[in-house]
Each structure stands twice: as C-alpha cells, then as structure tokens.
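To keep things clear, I will list the structure first and then write my remarks on it.
In the working numbering, the protein residues as written are 2 to 139.
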C-alpha cells in the first residue's frame, strides 16, 4: 500500500486556488473543472471543491450510492478540520515568512520554535477554509 494523494475539502475553489498557487509558488499539474485541483510539491497535494458535488446532488446528477450521499451531507458541513496539518519545508524560514507576510493571503502566526530533541522552527498560516498550514525550515 502507498499513499496516493493528500487532499482537503474547500468551500471556495477560486480563493483556495489563488491561496495555494501563491503559497506554493506553483501552477497546478491537474485541474478537473472546478471540482479537483492537484499540485506537485514533494508529493501530490489536491484541493477538492465540495460545492461541485453539492450542486450535482441538488440537480439529481450525482452518481453515488445512498450511504455516500448521507456521509457527504454530514461532512460537507465541516470546514477547517485542523485535525490534519499540512507541513511544507523551506530552505529559509525567515525569507518565506516575509514573502507570505507581504502576500497577505491568510492569517499568519509569528515564527515559533521548540527544542525537545533538536531545534524546530516553524510558522503557521491559515488557508481560506481555516485549515492550518505549517511551514518549517529544513
């Protein structure tokens, strides 16, 4: 078994696309209408527009079993799960922090550090749905 991709559900695909293009400084490698967008950044990372499936469901065009539809309805109410954190590594943490501060694309926390077994420096930024993105120094 291997990990296929990591993805998060988003409510506004346009805002999220702009946020992640700016954050990653990359263009997507794949886009499926306004439903699914994939970036290559170490491994693949995707954003999934839950509103796309919701519109299909409202129009009776979503081809899915009843159990999927029930789960989808419950999960589509959730935003900014913050149960999982996306972690990206950069060569120069201070430079990246200053770049994102100037871009003003999301709530940005100050650079933090801890030293349990070794020094770990990082900062967090929130995406448009409130998901935490952790940026650390290699």
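The beta-carbon is built from N, C-alpha and C at its ideal position, and this holds for glycine as well.
- DSSP places residue 45 in the strand class (E or B) of the three-state scheme.
- Between the stretch 52–61 and the stretch 82–100, the count of Cβ pairs shorter than 8 Å is below three; the stretches do not touch.
- Taking 3 residues as the shortest admissible run, the stretch 5–85 contains the following complete beta strand (DSSP E) segments, listed from N- to C-terminal end: 7–11, 31–33, 37–42 and 44–50.
- DSSP places residue 127 in no alpha helix (DSSP H) but in the uninterrupted beta strand (DSSP E) bounded by 120–127.
- From the listed residues 118, 120, 125 and 105, the smallest Cα separation to residue 111 is found for 125.
- Shown here, residue 108 sits in coil according to DSSP, grouped into three states, outside any helix or strand.
- Contact between the stretch 4–18 and the stretch 126–134 is present: 3 or more CB-CB pairs across the two stretches fall below 8 Å.
- Taking 8 Å as the upper bound for CB-CB distance, residue 29 and residue 40 are in contact here, some 5 Å apart.
- Sequence-distant Cβ neighbours of residue 7 in its own chain, meaning closer than 6 Å and more than five residues away, are 46.
- In its chain, beyond the 5 residues on either side, 109, 112, 124 and 136 have a beta carbon closer than 8 Å to the beta carbon of residue 98.
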